[in-house]
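Number 172 marks the last residue of the sequence shown (this note's numbering); no jumps.
For glycine and all other residues, C-beta sits at the position ideal for the given N, C-alpha and C.
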Amino acid sequence: MRRAPLRFARLLLASLGNASGVTDLPRLEVGRVTKAHGLKGEVVIDLVSDYPEVRLAPGSRLWTGEQELVVRSSRPFQPLEDPEALWVHRLIGSRVVEQGSGVERGRVVAVVANPAHELLELDSGALVPIVFVQSCEDGVTLITPPEGLFDVES
């Protein structure tokens, strides 16, 4: 299983200026701008949302820090269907269960960016590298952790 590296090119963004007054509203991470594309101000975005047709529709408003942007146009850069994709919003809140033994390890409270692999942060404080995730369906994330991953020294 892997995180879906969906990319969109031809995402033209127009600056609307400072987003003062709306910074207290909750925000959903849609993706990260990874590089420029072409010569017309387009960018490639690695998405962490599985609704690009909604999130990146023309007229959608996005924020980068305090900068508010509006999407002028977007198109897929890679195929959107990836049956092995793991979506952050589906991982958050899911129960983490060891495959085979059925031992429940807690609920995912965050997905932490890490240079090697993203880490699932559990409500118990444990960190589980995403490479041990086998599936995430119906609110249950199955993992195959190595021996000792959850051992705590006192």
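Per DSSP, which one or two residues make a beta bridge with residue i?
i	result
Val106	Answer is none; Val106 lacks a bridge partner.
His55	Glu60
Leu80	Leu87
Ala144	Per DSSP, none; premise fails for Ala144.
Val115	Glu122, Leu160
Val130	Leu137
Buried or exposed, going by whether 16 or more other CB atoms sit within 10 Å of the CB of residue i?
i	result
Gly59	exposed
Glu136	buried
Pro164	exposed
Gly166	exposed
Thr159	buried
Gly49	buried
Ile161	buried
Pro70	buried
Leu145	exposed
Arg45	exposed
Leu138	buried
In this structure, does DSSP put residue i in helix, strand or coil?
i	result
Val158	strand
Val88	strand
Val48	coil
Phe149	The question names Phe, yet the displayed sequence has Val at residue 149. Three-state result, Val149: helix.
Glu71	helix
Val173	No answer is possible for residue 173: the residues shown for the chain start at 19 and end at 172.
Leu137	strand
When you compare the region 73-90 with the region 105-112, are there three or more beta-carbon pairs, one atom per stretch, that lie closer than 8 Å?
Verdict: no, contact absent.
Quick test of the definition: if touching needs 3 or more C-beta pairs under 8 Å, does the region 78-87 touch the region 106-124?
Touching, no, given that fewer than three Cβ pairs across the two stretches are closer than 8 Å.
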